[in-house]
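Undergrad:
In my numbering, the protein residues as written are 19 to 451.
The following block contains the structure:
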């Protein structure tokens, strides 16, 4: 069994020493075997002696990808999945993006309009005052956005508090400098005979500077709070969607595993050699489907998983099962949720082929057109009185439909077509760019 496990383990890639997290293995396990063995308590693994991660999400990746060096299994941050998270994503938007600049300009103009309502004007001075306020606030908005976009590599480092303090400092310094320049320009080039509403420049330096600083502080704090709340809301929505996806993925895996084990169990009595080959195929299936945790896999990998499952069922059903593959230049690197196509073949065999004494043909077609990948699985149906009654069929389809929706949103769909003697499932999802 041990040589077989060693053959199953792929070659390990070299890791950079700076990007390595250490997982210390028990010394006794190291002395007995050179195969990476990870001990765990209550289904949790200790990483660096301080971080606990669920074993059901980490063990497949560790057993396949973590090399053993002096009793220590090493994996990079990319391999560790949920074990080691990177720096917290900054809540600050990209102020250099065109859409964000447009929104910023609209908000700045709204603020200018609101401020113009509380200013005291003499007759006929409102439009001039609105123009002056709008010009000042739009200039501060554009210049601050440019400064924040330039300083973004420094702003997104560290904690949210540090980022907020830096943003406040940049905006307030920009406001102070701009206000001082405007006052200096008015003192140097303004008409001293004009005052009040007739003058375009401020007359009281301290009042002008302090008022602008207070307004900039209040508006910036409100904007930062808004950005933070929106970021938290989006993070919570993404976490909820990810948790739901993981739950759906975990729900479909035991169904697939139990059916595979039942297939092997039936072969052990009738054809032990075929059962041995089926076990090897199951090992390949587990590495391909379970070893990728909950991350999407390529369409090529999913189709290979489906073909391996086909070989397992052909060992059991013999000539009763035929699968007709009609794939037309599919984009094989397109990511898909694991176990998306394989359950469709499994249901086609269980509900369509097995009840028929003579078996039948399962047709799997695939094509890509206008950026959309279409996969369909069709199978014959037995007469109504010979069909199997099971809710598992509908549960599997609902599971796939929900995972496609969580992955692609409204861009994916699953359709079912059931006729008198024919059943077809069609799925569509966007092609990877």
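Ideal placement from N, C-alpha and C gives every residue a C-beta, glycine not left out. Computed from a prediction, not measured in an experiment: that's the story for all the values here.
Take residue 362 as the anchor and find which of 382, 343 and 344 has the nearest alpha-carbon.
TA: Measuring from the Cα of residue 362, the nearest candidate turns out to be 382.
Undergrad: Would you mind sorting residue 369 into buried or exposed? The rule is 16 or more other CB atoms within 10 Å of its CB.
TA: The residue is buried, with at least 16 neighbouring Cβ atoms inside 10 Å.
Undergrad: Looking at the unbroken beta strand (DSSP E) that takes in residue 398, where does it start and where does it end?
TA: First-last of the beta strand (DSSP E) with residue 398: 390–398.
Undergrad: Please list the terminal residues of the continuous beta strand (DSSP E) segment that includes residue 442.
TA: Residues 440–448.
Undergrad: For the alpha helix (DSSP H) containing residue 168, list its first residue and its last residue.
TA: Looking at the DSSP string, the run of the alpha helix (DSSP H) that includes residue 168 is 144–168.
Undergrad: Name the residue from 288, 289 and 297 whose alpha carbon lies nearest to the alpha carbon of residue 275.
TA: Of the listed residues, the one whose Cα sits closest to residue 275 is 297.
Undergrad: Can you round the beta-carbon distance between residue 379 and residue 314 to whole angstroms, since I take them to be within the 8 angstroms contact cut?
TA: About 30 angstroms separates the two Cβ atoms, so there is no contact after all.
Undergrad: Quick check on residue 344: does DSSP put it in helix, strand or coil?
TA: The answer is strand: DSSP assigns residue 344 an E or B state.
Undergrad: Say whether the stretch 176–189 touches the stretch 107–125, bearing in mind that this needs 3 or more beta-carbon pairs closer than 8 angstroms, one atom from each stretch.
TA: Yes: the two stretches touch, three or more of their Cβ pairs being nearer than 8 angstroms.
Undergrad: Return yes when the Cβ of residue 201 is within less than 8 angstroms of the Cβ of residue 223, no when it is not.
TA: Against a cut-off of 8 angstroms, the Cβ pair of residue 201 and residue 223 comes out as a contact.
Undergrad: Out of 436, 429 and 248, state which residue places its alpha-carbon closest to the alpha-carbon of residue 449.
TA: Considering only alpha carbons, the answer is 429.
Undergrad: According to DSSP, residue 338 sits in a beta bridge with which residue or residues?
TA: DSSP lists no partner for residue 338.
Undergrad: Excluding the 5 residues flanking residue 289 on each side, which residues of the same chain have their C-beta closer than 8 angstroms to its C-beta?
TA: So the list reads 333, once near-sequence residues are dropped.
Undergrad: Counting along the chain, where does the beta strand (DSSP E) carrying residue 435 start and finish?
TA: It spans 431–436 - the beta strand (DSSP E) in which residue 435 sits, taken as one unbroken run.
Undergrad: Where does residue 361 sit, in a helix, a strand or coil, going by DSSP?
TA: Correct three-state label for residue 361: helix.
Undergrad: Kindly indicate which residue of 335, 126 and 352 has the alpha-carbon position closest to the one of residue 425.
TA: Closest by alpha carbon: 352.
Undergrad: Would you call the stretch 112–132 and the stretch 247–257 touching, i.e. three or more CB-CB distances under 8 angstroms?
TA: Not touching, per the Cβ criterion.
Undergrad: Strictly under 8 angstroms for the Cβ-Cβ distance: is residue 356 near chain C by that measure?
TA: The structure shown contains no chain C; it holds only a single protein chain.
Undergrad: What residues in its chain sit with their C-beta under 7 angstroms from that of residue 59, if we drop five residues either side in the sequence?
TA: Confidence at residue 59 is low in this model, with a pLDDT of 32, below 50, so the placement of that residue is unreliable and no value is reported for it.
Undergrad: Got a sec? Which residues, its chain only, sit under 6 angstroms from residue 148 by beta carbon, not counting five neighbours each side?
TA: Hits under 6 angstroms: 134.
Undergrad: Going straight from the alpha carbon of residue 129 to that of residue 169, what length do you get?
TA: If you take the alpha carbons of residue 129 and residue 169, they lie about 25 angstroms apart.
Undergrad: Can you give the Cα-Cα distance for residue 233 and residue 156, rounded to whole angstroms?
TA: Rounded to whole angstroms, residue 233 to residue 156 spans 13 angstroms at the Cα level.
Undergrad: Would residue 213 be called buried (16 or more neighbouring beta carbons within 10 Å of its own) or exposed?
TA: Below a pLDDT of 50, predicted positions are generally treated as unreliable, and residue 213, at 47, falls in that range; the measurement from the model is reported next regardless. Residue 213 is exposed by the Cβ-count criterion.
Undergrad: When the Cβ atoms of the stretch 439–448 are set against those of the stretch 391–407, are three or more pairs found closer than 8 angstroms?
TA: Yes: the two stretches touch, three or more of their Cβ pairs being nearer than 8 angstroms.
Undergrad: Does the Cβ-Cβ distance between residue 446 and residue 391 come in under 8 angstroms?
TA: Yes, Cβ-Cβ distance for residue 446 and residue 391 is below 8 angstroms.
Undergrad: With burial defined as no fewer than 16 other Cβ atoms inside 10 Å of the residue's Cβ, what is the status of residue 244: buried or exposed?
TA: Result: exposed.
Undergrad: How long is the line joining the alpha carbons of residue 131 and residue 197, rounded to whole angstroms?
TA: Looking at the two C-alpha atoms, the distance is approximately 19 angstroms.
Undergrad: Taking only three categories from DSSP, how would you classify residue 356?
TA: Here residue 356 sits in coil by DSSP.
Undergrad: I believe residue 160 touches residue 242 by the beta-carbon criterion, under 8 angstroms. Please report the beta-carbon distance rounded to the nearest angstrom.
TA: So it is not a contact: roughly 18 angstroms between Cβ atoms.
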